[in-house]
Ligand SMILES: Cc1cc2nc3c(=O)[nH]c(=O)nc-3n(C[C@H](O)[C@H](O)[C@H](O)COP(=O)(O)O)c2cc1C
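Residue numbers (my numbering): 275 to 476.
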């Protein structure tokens, strides 16, 4: 009998993703499974884990540490079920339910309808799930997540450097503030657990 242990590995810029990772852990643990939460930077060996959840904020693309981690561990990650979650402040509602076969779960409070559904502005195109997720899938085609969750994060302007403020206010036009829907994240993780425990489908 396999003893399951799920790793929740995350990185953060300003702390929101730490809270989200904790909520993921709570959701998974509600199924009675063993879960470990670790900063990506602390993880060197994936062999103890039967499934892995990787979370990071959007910081001009998914946080570089997350993509780097997946590249570094792509062989191990291609052998176990994997799920990704993204913290963000700006997401255009497109009605997509999957990107390249990866099922999406989107926090309803995060996504906003475009001004004109048939003609997205530059900012609206930038903030689509496809534009966020596709580069990650392209960088590591060996690793196909069983789910990708997009959750609303928080933006504290006073914690940012000037160039970061300019980017979020003028390019993605994200609203400062925001609250994390921890219950939504817990539910995603609780529902995800069965798929993660089912093992790798090849
Ligand atoms: C420099 C910078 C760039 C960001 N880029 C995006 C982005 O492209 N899309 C988005 O939805 N949110 C973006 N955000 C918002 C963050 O993803 C959001 O605030 C998140 O909750 C931060 O997570 P953290 O607190 O774990 O660092 C950006 C934030 C910063 C500081």
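Ideal Cβ placement from N, Cα and C applies to all residues, glycine included. Note that the coordinates shown come from a computational prediction; the quantities given were computed from them, not determined experimentally.
Distance, residue j Cα to residue i Cα
| i | j | result |
| --- | --- | --- |
| residue 476 | residue 392 | A caution first: residue 476 carries a pLDDT of 48, below 50, which makes its placement in the model too unreliable to give a value. |
| residue 377 | residue 356 | 12 Å |
| residue 466 | residue 473 | 12 Å |
| residue 286 | residue 330 | 6 Å |
| residue 315 | residue 398 | 32 Å |
| residue 418 | residue 352 | 7 Å |
| residue 484 | residue 442 | Look at the range of the chain in this structure, 275 to 476, and you will see that residue 484 is not part of it. |
| residue 280 | residue 387 | 35 Å |
| residue 334 | residue 409 | 12 Å |
| residue 324 | residue 282 | 11 Å |
| residue 381 | residue 453 | 12 Å |
| residue 394 | residue 421 | 26 Å |
| residue 337 | residue 457 | 23 Å |
| residue 347 | residue 385 | 31 Å |
| residue 413 | residue 344 | 9 Å |
Environment of residue i [buried if 16+ CB atoms lie within 10 Å]
| i | result |
| --- | --- |
| residue 440 | exposed |
| residue 436 | exposed |
| residue 427 | buried |
| residue 321 | exposed |
| residue 289 | exposed |
| residue 319 | exposed |
| residue 406 | buried |
| residue 358 | buried |
DSSP beta-bridge partners of residue i
| i | result |
| --- | --- |
| residue 279 | 308 |
| residue 378 | 422 |
| residue 385 | 365 |
| residue 329 | 284, 359 |
| residue 372 | 377 |
| residue 313 | 284 |
| residue 336 | 332 |
| residue 429 | 451 |
For residue j and residue i, believed in contact at Cβ under 8 Å, the rounded distance
| i | j | result |
| --- | --- | --- |
| residue 284 | residue 295 | 4 Å |
Cβ pair count under 8 Å reaching 3, the stretch 300 to 311 against the stretch 443 to 451 | By the criterion of at least three beta-carbon pairs nearer than 8 Å, the stretch 300 to 311 is not in contact with the stretch 443 to 451.
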